[in-house]
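Step one of this worksheet: look at the structure below.
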Amino acid sequence: MDAGAAFAPSVWGDFFVTYVPPPTQRSEEWIRERAEQLKRLVHRMFFLEDGEAVVGVAKAVALVDTLERLGLDSLFRDDIAVAISHAHLAGEEWPEYVGYDDLHVAATRFRLLRQHGIWVSTGVLDKFRDGTGSFSASLSSDPRALLSLYHAAHMAVPGEATLDDAIAFARRHLETMNGELQSPVAEQRYLPEYAQEETHDGTLLELARLKSHIMRSIHLRELKALSLWWRDVYNAVNLKYCRDRMVEVYLWSCGMIPEEEHSRARLLFAKTFGIVSFLDDTFDVHATIEECHSLNEAFQRWDESAVSALPEYLCMLYIKTLSNFKEFEDLLEPQEKYRMSYAKKAYQLQSEYYMQEAQWTNDKYEPSFEEHVELSGMSTGLPMLNLMALMGYDGTIATQEVFEWMSVPVPDAVRAGALIGRFLNDISSYKLGKNKKDVGSTVECYKLEKGSTGEEAVAAIAAMNEHMWRVLNQTYMEVDRALLPAAQLVVSIARTCEVIYLRGRDGYTFGSHAKDLVKALFLDPIPL
């Protein structure tokens, strides 16, 4: 058995353990006080001068869109909810007045409402199509409207040909103007772009910069504590063939759970991700089939006495996993303790999924593409990590109903989110090369079953990924309103996958691929 490392070492090492950020021009107390002043000013932007009537639809959707893109939406949830409701009702009651001849307004309203879980018909875009059903050629010279249409069309559900046409139309004309387009779900940072816009609002820009400073400070404190925890766990478990990627995992965590108040959720997600990566890499690249069975059986027992049946080199992995789950339980309030039964069951199922993949590899079994997709979607770990993140939310969001909804058999939204992660990962691993012991990817399975080339298989999996986004969009809009925040978390994880695996990179396995993202989020200076 090869005891050497299967993956490159961390590109960060202990950097964030010892890193001391440069002093800021202002104290954190001043920054927070100034941010509160600006929040009061922004609150007033939602209303007319009488302080009661909501501003018009065009202004409302523009404000909500800017706040969300600047990452300020969590500060104005109630105001945004009122504005979204107003934009929705105005369109229902007076459709002829809502963005009647302004594609930018109509498309932005359409996208925002769907992103907030409200169904809107594509009929609101019919005004901008000519007699043949095609989008009007007169729109082709308006880049802002085209970009709004392009982004809106990515909120499509299966079978919406109108939005297929919109994507093709907008893409064709935008690429003529600007060259290559980025996927709207992979936008990374909007603050620098907003600062360059001639029409930017100084109050919003200043508040966004202040909030970035506040979050930078919080992130660095969390990342230092997490790095210290991970160093102790990684050294104690002592499985050097496993990925050492806590900085990249925390980046992932921040991408999907950015809000200040959800620190506990961020840390639970990151710690569980780190621990399960030991399990993943052990099953995938190191353990014999007999050792895989022993390890899986131990996790199904979930009892410290089961350690006696494990090979010596896996004992600390098992002990540390159980002890960390006990620490997770200690983070929960008494009325939240019931969540642990869901967490343990999800983790045990994760072990079962890894075991099944290891058995396929050992037996040289060639699953059908459908079989492969069903198992490999779950083996991403994303359904389990969704649930672990929810453990950190308060009871207004993470109710027992939510944990029941998240559990196996997982709902269509969770399955779609997991398959987005699987397809993106497999496209990257096919392009970059995978470990020789890894189970075959969906790309390879598709090639084998269909007799296609690698390029054709990658294109087919990319198309399936796009379809899964449409399924996720649809299930998100259909879900019970009480489950909407949990469904939003599923969407956020999928969006973050698009960033981690952007254009075929793998910012998790290959830490160097995410180095610029880590620097941008945690290290690059933000002007005040």
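Per full-length UniProt numbering: the sequence shown ends with 528, consecutive numbering throughout.
Beta carbons: idealized from backbone N, C-alpha and C, even for Gly.
The model shown is predicted, which means the values in this text are computed figures rather than measured ones.
Residue i versus residue j - alpha carbon distance
i	j	result
threonine 132	aspartate 506	43 Å
glutamate 28	arginine 34	10 Å
alanine 208	arginine 26	15 Å
leucine 72	lysine 211	8 Å
leucine 239	phenylalanine 15	21 Å
tyrosine 508	arginine 245	7 Å
leucine 349	asparagine 296	10 Å
threonine 475	aspartate 412	7 Å
arginine 144	valine 54	25 Å
alanine 186	glycine 504	The predicted model places alanine 186 with a pLDDT of 42, which falls under 50 and marks its position as unreliable, so this point remains unresolved.
threonine 176	leucine 146	12 Å
phenylalanine 278	proline 485	30 Å
histidine 213	methionine 256	19 Å
arginine 129	leucine 112	21 Å
aspartate 101	lysine 59	15 Å
alanine 514	threonine 18	20 Å
lysine 39	lysine 320	44 Å
tyrosine 354	lysine 271	19 Å
lysine 447	valine 42	54 Å
Cut-off 7 Å between Cβ atoms - residues of its own chain near residue i, not counting five sequence neighbours on either side
i	result
asparagine 386	Met406, Val414, Leu489, Val490, Ile493
leucine 523	none
serine 441	Asp426, Ser429, Tyr430, Lys434
glutamate 352	Asn296
threonine 122	Glu160, Thr162, Leu163
serine 140	His173
proline 158	His467, Arg470, Val471, Gln474
Span of the alpha helix (DSSP H) around residue i
i	result
histidine 372	369-379
phenylalanine 16	15-18
glutamine 474	454-478
valine 11	First-last for valine 11: undefined, no H or E at that position.
lysine 203	Reading off the sequence, residue 203 comes out as threonine, not lysine. Here the alpha helix (DSSP H) through threonine 203 covers 202-237.
alanine 389	382-390
phenylalanine 299	289-301
phenylalanine 403	400-406
tyrosine 353	339-363
aspartate 102	Per DSSP, aspartate 102 belongs to no alpha helix (DSSP H) and is neither H nor E.
threonine 496	484-500
glutamine 196	191-196
leucine 317	312-330
Coil, strand or helix - residue i by DSSP
i	result
isoleucine 129	Looking at the sequence shown, residue 129 is not isoleucine but arginine. Strand at arginine 129.
phenylalanine 135	strand
glycine 4	Any reading at glycine 4 is ruled out, since the residue's pLDDT is 46, under 50, leaving its predicted position unreliable.
alanine 186	Residue placement at alanine 186 cannot be trusted, given a pLDDT of 42 that sits under 50; what the coordinates show is reported in the next sentence. Reduced to three states, the DSSP call for alanine 186 is helix.
valine 518	helix
phenylalanine 110	helix
aspartate 79	helix
valine 120	coil
valine 55	coil
phenylalanine 273	helix
phenylalanine 423	helix
phenylalanine 169	helix
phenylalanine 510	coil
aspartate 47	According to the sequence shown, residue 47 is phenylalanine rather than aspartate. It is a strand residue.
arginine 505	coil
arginine 69	helix
histidine 262	helix
lysine 447	helix
glycine 433	coil
Same chain, Cβ closer than 8 Å to residue i, neighbours up to 5 away in sequence not counted
i	result
cysteine 315	Val307
valine 276	Tyr347, Gln350, Gly381, Met384, Leu385
histidine 200	Tyr194
asparagine 235	none
With 16 other Cβ atoms within 10 Å as the buried cut-off, status of residue i
i	result
methionine 477	buried
alanine 81	exposed
leucine 363	Checking the sequence, you will find aspartate at residue 363 rather than leucine. Answer is exposed; the Cβ neighbour count stays below 16.
tyrosine 365	exposed
serine 138	exposed
methionine 1	Only weak support exists for where methionine 1 lies, its pLDDT of 30 falling under 50; the coordinates are left without a value.
glutamine 188	Because the pLDDT of glutamine 188 is 41, which lies under 50, any placement of that residue in the model is unreliable, and the question is left without a value.
glycine 4	Any reading at glycine 4 must be qualified, since the residue scores a pLDDT of 46, below 50, and its modelled position is unreliable; no value is offered.
alanine 168	exposed
aspartate 394	exposed
tryptophan 30	exposed
proline 311	exposed
valine 57	buried
serine 512	exposed
Cutoff 6 Å; reference residue i; Cβ partners in own chain excluding five residues on either side
i	result
tryptophan 12	Val247
Any C-beta of chain B under 9 Å from that of residue i
i	result
glutamate 198	Protein chain content of the structure displayed is limited to a single chain, and chain B is not contained in it.
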